[in-house]
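If you read the sequences in order, they're chains A and B. The first sequence begins at 1 in my numbering and counts up by one. The second sequence begins at 1 in my numbering and counts up by one. As structure tokens, the structure follows; a few thoughts come after it.
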Amino acid sequence: MADTLPLRFRVLHYISTVDKTSADQIMKALKPEYGTEKQFTKKVFVDHLLDMKANFIIDDNDVALDDKGELVIYYSINDEGRRLLKKYLPKRWNQK
Amino acid sequence: MSISGNQKAIMMKEKLNSNFARKGVFTGLFSGCTWGLNSVLLGLALGLVPVMGENAAIFAIPLAAACMNDSFAGFWLLLYNGGAGRLKEILRSLKTFPGLMVCVAALLGGPIANGGYLLGISLAGPAYALTITALYPIVGALLSRIFLKQQIVPRVWVGMLLSVIGAIVISYVPPEGGNSETFYLGLLFASLAALGWGAEAVLAVFGMSMIDPKVAINIRELTSGLFLAIFILPIVGGWAIVSQVFTLPGALGAFAIAALAAAVSYLAWYKANTTIGVAKGMALNGTYVMWGVIFSVVFLNSPLTQNLVIGSGLVLIGATLVAINPKEFFKKGEVA
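Encoded structure:
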């Protein structure tokens with residue numbers, strides 16, 4: 001297992017492995033790695049996603065309303081995000 | 001399950017995004033306000049340091065103050081991040097390239113820019129040095145345009161220009177005539193300061209694409225504080241000042257409180273830069289000059305001169321121009 005990545009970095013990496021994903025889905029996927037940490041809250045994940053979107057490395061092209069009528073945004077990585085990962089993701093993570 | 005055509009969901013998303021951008025604008029303004037507070041508090045703290053001769057006043061005292069400001073701010077941020085369960089994130093970030101870029105940003109914005117600023121003032125005189133260093137938001141905006149491909153609309157340029165002119169009017173001091181030998185070297189150092197602060201913002205924003213701004217600013221403050229303490233203070237005799245301050249509880253407390261304002265300000269600045277872009281973040285942070293005037297007038301009974309009123313007015317108009325209509329930041333920046 002490679003070193004644990006900083007959470008924002010890991011979220012970007014996770015998004016690159018799927019077609020599109022939401023904050024809840026990302027949290028579910030990353031729970032085994034970060035689930036015990038105090039920073040593991042929906043608010044933190046949403047903030048990371050909004051920041052990365054504002055920095056043009058992920059897109060939010062798909063939206064839906066869930067059963068409770070709450071907004072679900074689906075994010076996907078774009079070319080710039082992929083370029084950053086290719087360049088800066090630690091080597092051991094690249095091999096996964 | 002996806003209902004991407006759902007108008008309601010799209011509207012909710014747009015509202016969320018524009019609220020996020022609006023919050024970024026307020027965060028930027030807040031960073032300027034608290035930086036103004038930091039400047040005033042740091043001035044008060046410096047007033048408690050015993051007089052130690054003219055040479056100390058030029059380099060040792062300001063650099064010792066910068067070191068204490070950054071180190072104490074780094075300590076406050078450690079407490080903050082510790083409380084929020086993010087201490088592990090600091091080490092994780094330092095093991096990645098973007099984390100190391102934040103360290104480089106810290107050196108550019110901390111020791112290099114601060115040193116350049118002080119040398120610029122001492123060699124070229126404040127009239128010229130302060131005017132050049134006030135250009136840092138424009139340098140940052142240009143660098144972000146080139147390296148981060150961030151789009152900057154004409155309205156933001158105009159607002160930024162007005163703010164910078166306002167800052168120059170506020171800090172205006174009558175020129176005392178250029179002293180030929182060191183004058184141009186001083187201008188060079190002042191330019192280095194503007195370049196250092198601009199480059200700091202751009203490098204940090206790049207790093208923060210992948211690491212948390214709250215962690216990045218903690219790394220920045222600790223790196224800058226430690227570098228100043230280990231490499232710069234011994235050269236300029238700054239440790240004598242620091243040890244003096246530690247024997248005076250009043251002065252130590254004043255520096256610690258000033259650093260708390262710095263920690264809050266820097267936290268807000270890094271967050272704003274990453275949320276609304278470097279140009280807007282820096283321009284809004286630049287309102288600190290105006291806030292500093294307001295705090296000095298209200299709390300320290302400083303006289304309100306014509307320059308301060310005109311300059312603050314320009315900063316305010318400029319910042320408003322920069323801040324309104326945040327929607328364009330949701331469009332992808334074009335390649336220059």
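Beta carbons: idealized from backbone N, C-alpha and C, even for Gly. Fair warning: this is a prediction, and the values are worked out from it, not measured in the lab.
Within 8 Å, strictly: CB atoms of residue i and residue j
| i | j | result |
| --- | --- | --- |
| A105 (chain B) | A204 (chain B) | yes |
| N114 (chain B) | A262 (chain B) | no |
| T223 (chain B) | L107 (chain B) | yes |
| F348 (chain B) | F72 (chain B) | The question about residue 348 (chain B) has no answer here: the residues shown for chain B are numbered 1 through 336. |
| D60 (chain A) | Y75 (chain A) | yes |
| N301 (chain B) | N81 (chain B) | no |
| K280 (chain B) | G120 (chain B) | no |
| L135 (chain B) | G318 (chain B) | no |
| Y266 (chain B) | M208 (chain B) | no |
| A66 (chain B) | L228 (chain B) | yes |
| V102 (chain B) | G140 (chain B) | no |
| K13 (chain B) | L71 (chain A) | yes |
| V40 (chain B) | F295 (chain B) | yes |
| G85 (chain B) | E37 (chain A) | yes |
| V289 (chain B) | A193 (chain B) | no |
| L143 (chain B) | G198 (chain B) | yes |
| K20 (chain A) | D47 (chain A) | no |
| T274 (chain B) | Y88 (chain A) | no |
| G43 (chain B) | A129 (chain B) | no |
| G339 (chain B) | I112 (chain B) | The structure shown does not extend to residue 339 (chain B), since chain B is modelled only from 1 to 336, so the question has no answer here. |
| A127 (chain B) | P174 (chain B) | yes |
Closer than 8 Å to chain A by CB, residue i
| i | result |
| --- | --- |
| V164 (chain B) | no |
| N6 (chain B) | yes |
| E89 (chain B) | yes |
| S93 (chain B) | yes |
| M210 (chain B) | yes |
| A9 (chain B) | yes |
| F20 (chain B) | yes |
| T96 (chain B) | yes |
| V215 (chain B) | yes |
| R145 (chain B) | no |
| L267 (chain B) | no |
| P326 (chain B) | Residue confidence for P326 (chain B) is low, a pLDDT of 47 falling below 50, so the modelled location carries little weight and cannot support an answer. |
| A84 (chain B) | yes |
| L16 (chain B) | yes |
| K280 (chain B) | no |
| M52 (chain B) | no |
is_contact[residue i, chain B] using C-beta, thresh 8 Å
| i | result |
| --- | --- |
| I77 (chain A) | no |
| D51 (chain A) | yes |
| K38 (chain A) | yes |
| D24 (chain A) | no |
| S16 (chain A) | no |
| F45 (chain A) | no |
| H64 (chain A) | Reading the sequence as shown, one finds Ala at residue 64 (chain A) and not His. Yes, A64 (chain A) lies at the interface with chain B (some Cβ there is under 8 Å from its Cβ). |
| P6 (chain A) | yes |
| D60 (chain A) | yes |
| L84 (chain A) | yes |
| L30 (chain A) | no |
| M1 (chain A) | For M1 (chain A), the pLDDT reaches just 47, beneath the cut-off of 50, and the residue's location in the model is therefore unreliable, although a value from the coordinates is still provided. With 8 Å as the cut-off, M1 (chain A) does not count as an interface residue toward chain B. |
| R92 (chain A) | no |
Residue nearest to residue i in terms of C-alpha spacing, selected from the options
| i | options | result |
| --- | --- | --- |
| A323 (chain B) | B:L284, B:F299, B:T305 and B:V298 | B:L284 |
| M210 (chain B) | B:Y136, B:R92, B:Q151 and B:A256 | B:R92 |
| S31 (chain B) | B:L260, B:L161, B:A127 and B:V139 | B:L260 |
| S16 (chain A) | A:K42, A:R83 and A:P6 | A:R83 |
| G81 (chain A) | A:I58, A:G69 and A:V72 | A:I58 |
| D67 (chain A) | B:A9, B:G36 and B:L63 | B:A9 |
| N94 (chain A) | A:H13, A:E37 and A:R8 | A:H13 |
| R22 (chain B) | B:S171, B:G286, B:L42 and B:G277 | B:G277 |
| I73 (chain A) | A:P32, A:Y34 and A:S22 | A:S22 |
| L314 (chain B) | B:G110, B:N38 and B:I165 | B:I165 |
| Y34 (chain A) | B:M282, B:V156, B:E89 and B:L226 | B:E89 |
| A54 (chain A) | A:N78, A:K28, A:D24 and A:F40 | A:N78 |
| G311 (chain B) | B:G292, B:L48 and B:K214 | B:G292 |
| F40 (chain A) | A:P6, A:K86 and A:P90 | A:P6 |
| F56 (chain A) | B:Q151, B:K15 and B:G53 | B:Q151 |
Range of the contiguous beta strand (DSSP E) that encloses residue i
| i | result |
| --- | --- |
| L71 (chain A) | L71 to I77 |
| L65 (chain A) | I58 to L65 |
Span of the alpha helix (DSSP H), counted from its first residue to its last, around residue i
| i | result |
| --- | --- |
| L31 (chain B) | Here residue 31 (chain B) turns out to be Ser, not Leu, going by the sequence shown. Q7 to G47 is the span of the alpha helix (DSSP H), which, as asked, contains S31 (chain B). |
| P137 (chain B) | Y136 to F147 |
| G74 (chain B) | I61 to G83 |
| A56 (chain B) | That residue, A56 (chain B), is in no alpha helix (DSSP H); it is neither H nor E in DSSP. |
| R8 (chain A) | L7 to T17 |
| Q306 (chain B) | Q306 to A323 |
| T131 (chain B) | P126 to T133 |
| E37 (chain A) | Careful: E37 (chain A) lies outside any alpha helix (DSSP H) and carries neither H nor E. |
| P98 (chain B) | F97 to L107 |
Chain E contact residues for residue i, given Cβ-Cβ distances below 7 Å
| i | result |
| --- | --- |
| N55 (chain A) | Annotation note: the requested chain E is absent from the structure, which comprises protein chains A and B. |
Quiz item: Taking the runs of the alpha helix (DSSP H) that are 4 residues or longer, which of them lie wholly in the region 154 to 181 of chain B?
Solution: Counting only unbroken stretches of 4 or more residues, the alpha helix (DSSP H) elements lying wholly within the region 154 to 181 of chain B are 154 to 170, in sequence order.
Quiz prompt | Any alpha helix (DSSP H) of 4 or more consecutive residues that is wholly inside the region 195 to 259 of chain B | solution = 213 to 227, 233 to 236 and 238 to 247
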